[in-house]
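Trainee: Convert by adding 4 to the 1-based position in the sequence shown; the result is the number in this note's numbering.
C-beta: ideal position from N, C-alpha, C; glycine also.
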Amino acid sequence: MPILPIITGASTPILRTKTKPVPKITKAILGLVADMAETMVAAKGAGLAAPQVSRTERICIAMIGGKLTPLINPVVTWKSEAIEVAEEGCLSLPEIWLQIPRSVEIIVTFLSPEGKKRELKLEHFDARVVQHEVDHLEGKLIVDYAQSKVTGHHEKPL
Ligand SMILES: [Zn+2]
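1) What residues are listed by DSSP as bridge partners for Gly51?
2) Please identify the residue among Thr60, Gly49, Pro74 whose C-alpha is closest to the C-alpha of Lys22.
3) Are the beta-carbon atoms of Cys94 and Pro17 separated by less than 7 Å?
4) State the Cα-Cα distance for the pair Glu92 and Glu137, rounded to the nearest angstrom.
5) Taking 8 Å as the cut-off, does the segment 43-57 touch the segment 95-114 (at least 3 CB pairs, one atom from each stretch)?
6) How would you label Ile87, buried or exposed, when you count the other beta carbons within 10 angstroms and need 16 or more for buried?
7) Quick check on Leu34: does DSSP put it in helix, strand or coil?
8) Thinking just about the alpha-carbon of each residue, which of Arg132, Lys71, Pro78, Cys64 is nearest to the one in Asp39?
9) When burial is assigned at 16 or more other CB atoms within 10 Å of the CB, is Asp148 buried or exposed?
10) Give the single residue among Asp130, Phe114, Val134, Phe129 whose Cα lies nearest to the Cα of Val26.
11) DSSP on Thr16, reduced to helix/strand/coil?
12) Run through the DSSP bridge pairs and tell me what Pro82 is partnered with.
13) Residues near ligand 1, CB to any non-hydrogen atom under 5 Å, in chain order?
14) In terms of residue numbering, what span does the alpha helix (DSSP H) encompassing Glu137 cover?
This is the structure in structure tokens:
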């Protein structure tokens, strides 16, 4: 299974393209999911969304509870009003680290690679990763949040 090239640049068109829901989980989709997972691990990221590997399917990979989790057609159905701000990086924006406000808790629905409907309530870092990846699926990047740059120690990019 190949490691895919990761697309970079805040104004690169594919990173600004809204993705389309996956109508059916085919072998090709499962292959893409596997390649994305491998690519994220190789890049030492904590999340990866389809546009970052030049694809337009509504698919992302996220580390949830420390576990690599593929999300097909994810939708954030609820966000807490409570917000927390923390540093985020992005595999598509190397060397850029920003303080980004995110809902502390969310509920996300998605399909597993087996085609099972799943719903998870997430908080803190898990909720942050999924919000970051779902932003990618809408063509949104962390530079769209007005913030100042951060220096110093960094966690894994998303
Ligand atoms: Zn990102």
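Mentor: From the atom records:
1) Ala66
2) Thr60
3) no
4) 12 Å
5) yes
6) exposed
7) helix
8) Cys64
9) exposed
10) Phe114
11) coil
12) Just to set this straight, residue 82 is Trp in the shown sequence, not Pro. The partner list for Trp82 (beta bridge, DSSP) reads Ile111.
13) Cys94, Leu162
14) 128-141
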